[in-house]
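Reading through the structure tokens given below for one structure.
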Amino acid sequence: MNSVNDRNRDIGPFVPAPDDDMLICRCEEITKGEIRKAVHDGMWTLTEIRRYLRTGMGLCQGQTCSKLVKSIVARELNVSPAELEPATSRVPMRPIEMRIFANEAKEDDDYE
Amino acid sequence: MSNNTAEVIVIGGGVIGNSAAYYLAQRGLSVIVLEGSDHIGNGGSSRNGGGVRQSGRDVRELPLVMYGIKNLWPHLSEELEVDCEYHQDGNLRLGKNEKHKEILTNLANNARGCGLDVRMIDGEEVRQINPYLSEEVTCASWCPTDGHANPLTTTLGFYKAARKLGARFISGEKVLELKTVKGRVRKVLTAAGNTYEAENVIVAAGFDSRPILGSVGIDVPMTRSLLECLVTEAEPYMFDQMLGTAEADFYGHQTKHGSFVFGGSSGLEPFNKDNGTPVSSAKTAPCICRGIMKYFPDLANAKIVRTWGGWSDKSADGVAVVGAIDEVPGLYTSCGMSGHGFGIGPAVGHQLAQLIATGTTDVDLSPLRYDRFKAKI
Amino acid sequence: MTERRIEEHPILGVQEKGKKITFTFDGKEVEGYEGEPIAAALKAAGLMVHRYTKKEHKPRGIFCAIGRCTDCVMVVDGVPNVRTCITPLKEGMDVKTQYGASDKPFDV
Amino acid sequence: MKRYDLIIVGAGPSGLSAAVEAAKRGMEVVVFDENEKPGGQLFKQIHKFFGSKEHRAKVRGFNIGKQLLEEAAEAGVKVVLNATVIGLYQDKEVVVKIGEEIHHYKGDSVIIATGAAENMVTFPGWTLPGVIGAGAAQTMMNLHGVKPGKKVLMLGSGNVGLVVSFQLMQCGCEVVALVDAATRVGGYGVHAAKVARTGVPFYLSHTIVEAEGDECVTGVTIAEVDSSFKFIPGTEKHFDVDTICLAVGLSPMSQLLKMAGAKMEDNPKRGGQVPICDEYGRTSLPGVFVAGDVSGIEEASSAMIEGRMAGIVAAEYLGYTDEDDMNRNVESLEKALDGLRQGMFAPENRGKLVEKTEEGIDVSMNLLKKGYVADDEIERYPGVTHKVGIHPVMECTQNIPCNPCQDACPKKCISIGDNITSLPIVVPESECINCGMCVASCSGQAIFLVDEDCGDGTATVTLPYEFLPLPKEGAKGIALGRNGKKVCDAEVVNVRSAKAFDKTNLLTMRVPKEYAMKARFFRATV
Chain A
1 MNSVNDRNRD IGPFVPAPDD DMLICRCEEI TKGEIRKAVH DGMWTLTEIR RYLRTGMGLC
61 QGQTCSKLVK SIVARELNVS PAELEPATSR VPMRPIEMRI FANEAKEDDD YE
Chain B
1001 MSNNTAEVIV IGGGVIGNSA AYYLAQRGLS VIVLEGSDHI GNGGSSRNGG GVRQSGRDVR
1061 ELPLVMYGIK NLWPHLSEEL EVDCEYHQDG NLRLGKNEKH KEILTNLANN ARGCGLDVRM
1121 IDGEEVRQIN PYLSEEVTCA SWCPTDGHAN PLTTTLGFYK AARKLGARFI SGEKVLELKT
1181 VKGRVRKVLT AAGNTYEAEN VIVAAGFDSR PILGSVGIDV PMTRSLLECL VTEAEPYMFD
1241 QMLGTAEADF YGHQTKHGSF VFGGSSGLEP FNKDNGTPVS SAKTAPCICR GIMKYFPDLA
1301 NAKIVRTWGG WSDKSADGVA VVGAIDEVPG LYTSCGMSGH GFGIGPAVGH QLAQLIATGT
1361 TDVDLSPLRY DRFKAKI
Chain C
2001 MTERRIEEHP ILGVQEKGKK ITFTFDGKEV EGYEGEPIAA ALKAAGLMVH RYTKKEHKPR
2061 GIFCAIGRCT DCVMVVDGVP NVRTCITPLK EGMDVKTQYG ASDKPFDV
Chain D
3001 MKRYDLIIVG AGPSGLSAAV EAAKRGMEVV VFDENEKPGG QLFKQIHKFF GSKEHRAKVR
3061 GFNIGKQLLE EAAEAGVKVV LNATVIGLYQ DKEVVVKIGE EIHHYKGDSV IIATGAAENM
3121 VTFPGWTLPG VIGAGAAQTM MNLHGVKPGK KVLMLGSGNV GLVVSFQLMQ CGCEVVALVD
3181 AATRVGGYGV HAAKVARTGV PFYLSHTIVE AEGDECVTGV TIAEVDSSFK FIPGTEKHFD
3241 VDTICLAVGL SPMSQLLKMA GAKMEDNPKR GGQVPICDEY GRTSLPGVFV AGDVSGIEEA
3301 SSAMIEGRMA GIVAAEYLGY TDEDDMNRNV ESLEKALDGL RQGMFAPENR GKLVEKTEEG
3361 IDVSMNLLKK GYVADDEIER YPGVTHKVGI HPVMECTQNI PCNPCQDACP KKCISIGDNI
3421 TSLPIVVPES ECINCGMCVA SCSGQAIFLV DEDCGDGTAT VTLPYEFLPL PKEGAKGIAL
3481 GRNGKKVCDA EVVNVRSAKA FDKTNLLTMR VPKEYAMKAR FFRATV
């Protein structure tokens, strides 16, 4: 599903906006302005935005902000949000204590 | 597409490809970077544990990585205008038994021969440096000039800075083959049907480098394995050092953000499979957690928020392959980084750029030649 | 604590609660019902701020109430980042406001 | 490794329904749910459901949840609670955190029924304590018995915003306003009307300018927006509130599928990132199925049907039933699902302005803009007729798939006919016996029993009442109109509660007869 994406396509300059200080990623406290600037730094996919800014990398793992980030990036690139890749999801679905993750039940153990 | 010709084409938008592009652009060369996936820095460059270390390396790689730590890393954040989160607070390579001690001592002796400040310390001294380490640790090699950085911002920082200098980046452009013209590398053909042309081509595409180099009759013997890392929630500050082990089965550090990034192995890495993208295996993360808790009992309650996998390209001798391919003029490579390509990455990019621009390098790359692999008898 | 509790509901009637117990919030004794989420007991006691964020030091409280957004995390019995909206309350629990990732207030 | 025929993730309406069908066909089924209680959102839904009998219409959500759990237990389904599925790995390996351990299981088939998560909107102050999701409000009040706040502003006029507003009032909170940036109410008109008649003002084409407060919400300012959603200066309105509730839509919680490598798409019609699947829930991964909101946002009623389909299809996949059984059952379920996807709120009408009912009657614009049908609009609907003596007045003005009223009346006074979305009509020559069953059966609380002229200059209006305290016979107060404003003084002359009414009390008030067709709610004067 890779599609050729010329990263030097002109998307216009970064224009500051009055709501640039609006917090978008609640966990990592990333603002709309930071996200928009990152797009102009060349971060054109949600994966790159995440790696560059940490949006969606906090405790909730993007469960709250991923749709918001997507729409901001899409608008900045002037594409439809559906054109951007689906947000990555990784194990574990919820934060899990190391001692529990480490503690694998034996084959014959059941939960009863 | 407008102009598919440049002085240099870089195949692979990882930390090496991006840094090469940056240093080439800085020297005024025109560059096109072709990244096969949809994301810049999508391979090992953004999936590794962030070590920027010299200790524990094969002596053939040492001069190059020491060059980078001396000349490039210290000012990288300012230069790229991105926080690379570089910390030079030392590396503890941990051992638990006599066998480990022997491995570490050998490595340390060899490294000292190359002029690196690294020494063996006992368990007590280890815990003076890092009081959270358990009693199981009985020795370590200690290299105070090692450290760690954020692989994500570093890799993307090189991309950002190179792009700003005019390097052209194209993602989703998977390279299928190279073509020579009159004996010299010239054309780069992609899966999308595009052709790019340059006088010089750097192949820095991880394991995918092998078939690309193969298209002009060059083979670098390598295999790949699916390695895994995990990251915790942000925790209160504990320590600054980079950690590793004698058997290289566990490594990690606490990031600026407060989270701990740890990597480790289940022993099954070369046999893991994926589903098209590198995914984690159900067995690995629990095993890494058990490993971490042996070293850091205090982290038992830290919560893991994410695990991930990444393919590592391992050369036949576990040492990077870097430099010009003499048989095909104009062709250069950096591949088979064998799981330690991040810390050395900027230096590789820098030296390849210098080589292409001037024909010379500050560091002798010949020990890392592509054609060094020989049969055992 | 009664005015924030629903004593009788027109559809659900009188909801059954666990045993009434006490726990501490930043050292002060607070009442709640055993087994209800810590966040519910705090809400019933009128305590809105669960934590202050690391970068901006801004207050946060309950947001999703189902363990997803992780905004309601606090330091519970010494462990930071505990999702209070899904962690059952126990007698004598030590619940503390979380500052960044710890229970130590920021230096001003 | 322990292997199950079927592992289901999520014990909500779709997951439990799937489990029942699969277990009935002989499969060994386990359902994992991360919550302490099963039922998903059903146990937070205290209103009566729409639809027809086969959709369990007029049964309250939490009671449907109880029924489903009983059915699951009877069918031998194992439901494991406090069991967080942390990963769906390759080869259908499901890793679950249960207590202090993690368990690895293999499913020969897997159904993902993880439901949805709430969408959010941003505005200055949206991170303040006191700004909560509508789901959070439901969880606090309906599961934990704690009021989300004293004074609440609701953002969002879809069914969730409307239903939760009503629930907030039921548990004793004050809803100061219902706000939506859209130009018209998004949810069912009957849900809006039952909120509006209690006096909650609707502000369409408005949104939040700012949530105020330092440590937590102390107030909110809203303002009108123009067609490009920009604030119109000078239209700001301030409310003192301690809670702002966000009900701005749901997104499928499809992360497990993405993680497992299922082909995904971003489909705005289905609410966001969803697995690509066929109409029976088969994903791109063989043996992995989906059901309910995770594959596209709909109502709990459709989730239950989708769940049953997925359960049957999974049974066929593993040879626990044959193709004939599958086709026969799936066909009838598809019909039931089709039934729910009819009318003005059908998926294909999403976002469209429907101006006429199926009967060709103009839709009330006032309902769409203010949440209630204006007095001069109400007479045009077939459920609103006049006759001597007590008779039902059905203020049902939009075509939605729902018909319990026609079966509720023992005297067959009400008819909807075969087309489930038709507006109810009063059957000519039928005789109302004032039993009140229609009033209590209407999930939209849109039926009133009216005696327009009692002979003494007064009229009586019987209305559904689901609040506390329940006024007593003889209580004096005021009658409110559909718009929630006082129309006249009123006195309660009768209060009826019956098991058959299922907690919907019938309150009869006496008003001057000229207000018989205007007075629609009662508020006691204290």
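Going down the list, the protein sequences come from chains A, B, C and D. Residues 1 to 112 (our numbering) are what the first sequence spells out, left to right. Residues 1001 to 1377 (our numbering) are what the second sequence spells out, left to right. Residues 2001 to 2108 (our numbering) are what the third sequence spells out, left to right. Residues 3001 to 3526 (our numbering) are what the fourth sequence spells out, left to right. Yeah, the Cβ is synthetic: ideal placement off N, Cα and C, and Gly gets one too.
Within chain A, the C-beta atoms nearer than 9 Å to that of arginine 2068 of chain C come from Cys60, Gln63, Thr64, Arg94, in chain order. Using a Cβ-Cβ cut-off of 9 Å, threonine 1154 of chain B is close to nothing in chain A; its nearest Cβ partner there is about 10 Å away. Burial is judged here by how many other beta carbons sit within 10 angstroms of a residue's own beta carbon; asparagine 3119 of chain D has at least 16 and is buried.
Alanine 3019 of chain D and glycine 3311 of chain D have their C-alpha atoms roughly 6 Å apart. Under the DSSP assignment, aspartate 3376 of chain D falls outside any beta strand (DSSP E), being part of the alpha helix (DSSP H) whose first and last residues are 3375-3378.
For glycine 1095 of chain B, the enclosing beta strand (DSSP E) stretches over residues 1091-1095. Contacts with chain A at 8 Å (Cβ-Cβ) include lysine 2055 of chain C. The Cβ neighbour count for histidine 1039 of chain B, taken over all protein chains shown within 10 Å, is at least 16; the residue is labelled buried.
DSSP, read as helix, strand or coil, puts asparagine 1272 of chain B in coil.
For the stretch 12-28 of chain A, the set of residues with a beta-carbon nearer than 9 Å to any beta-carbon of chain C comprises Leu23, Arg26, Cys27, Glu28, in chain order.
Residue pairing from DSSP places tryptophan 1308 of chain B in a beta bridge opposite B/Cys1229. For the pair phenylalanine 3166 of chain D and lysine 3370 of chain D, the CB atoms are not nearer than the 8 Å cut-off. Within chain C, no residue has its beta carbon less than 8 Å from that of lysine 1256 of chain B; the closest one is some 11 Å off. In the DSSP annotation of this structure, the continuous segment of the alpha helix (DSSP H) that includes threonine 1358 of chain B starts and ends at 1345-1358.
Across the stretch 3282-3297 of chain D, no CB contact with chain B closer than 8 Å is found for any residue. Spanning the alpha carbons of glutamine 3273 of chain D and threonine 88 of chain A requires a straight line of approximately 11 Å. Distances from the CA of threonine 1277 of chain B to each of D/Ala3500, D/Phe3032, D/Leu3006, D/Tyr3089 were compared; the closest alpha carbon is that of D/Tyr3089. DSSP, read as helix, strand or coil, puts proline 2037 of chain C in strand. As summarised for the stretch 1043-1080 of chain B, there are no continuous beta strand (DSSP E) elements at least 3 residues long confined to that stretch. By the Cβ rule, the stretch 1267-1277 of chain B counts as touching the stretch 1209-1226 of chain B, because three or more pairs are nearer than 8 Å.
For leucine 46 of chain A, none of the residues of chain D pass the 8 Å Cβ criterion, the least Cβ distance being about 11 Å. Assignment of histidine 2057 of chain C by DSSP, reduced to helix, strand and coil, places it in the coil class.
Inter-segment contact for the stretch 1013-1028 of chain B and the stretch 1346-1359 of chain B is present: three or more beta-carbon pairs are separated by less than 8 Å. Excluding its 5 nearest sequence neighbours in each direction, methionine 3344 of chain D has C-beta neighbours in its own chain below 6 Å: Val3354, Gln3398, Asn3399, listed in chain order.
Proximity to glutamate 3491 of chain D across D/Leu3507, D/Gly3474, D/Asp3226 peaks at D/Gly3474, based on C-alpha coordinates. Only those residues of the stretch 1173-1201 of chain B whose C-beta falls short of 9 Å from the nearest C-beta of chain A are listed: Glu1173, Lys1174, Thr1190, Ala1191, Ala1192, Asn1194.
Per the Cβ contact rule, the stretch 1164-1179 of chain B is in contact with the stretch 1188-1197 of chain B (3 or more Cβ pairs under 8 Å). For the C-beta of lysine 67 of chain A, the chain D residues within less than 7 Å are, from N- to C-terminus, Asn3119, Ser3251, Gly3272. Closest option to aspartate 20 of chain A, judged by alpha-carbon separation, among A/Val39, A/Gln63, A/Thr31: A/Thr31. Interface flag for isoleucine 49 of chain A against chain D is unset, since no Cβ pair is found closer than 8 Å.
In the same chain as methionine 3517 of chain D, and ignoring 5 residues on each side of it, no C-beta atom comes closer than 6 Å to its own. Spatial neighbours of asparagine 3483 of chain D in its own chain (CB-CB distance under 6 Å, excluding positions within 5 residues in sequence) are listed in chain order as Tyr3372. Contact annotation: in the stretch 3011-3043 of chain D, no residue has its CB less than 8 Å from a CB in chain B.
Bounds of the alpha helix (DSSP H) holding histidine 1100 of chain B are 1098-1113. Identification of chain D residues near glutamine 2015 of chain C by a Cβ-Cβ cut-off of 7 Å yields Gly3145, ordered along the chain. When Cβ-Cβ separations below 8 Å define contact, serine 1281 of chain B makes contact with chain D.
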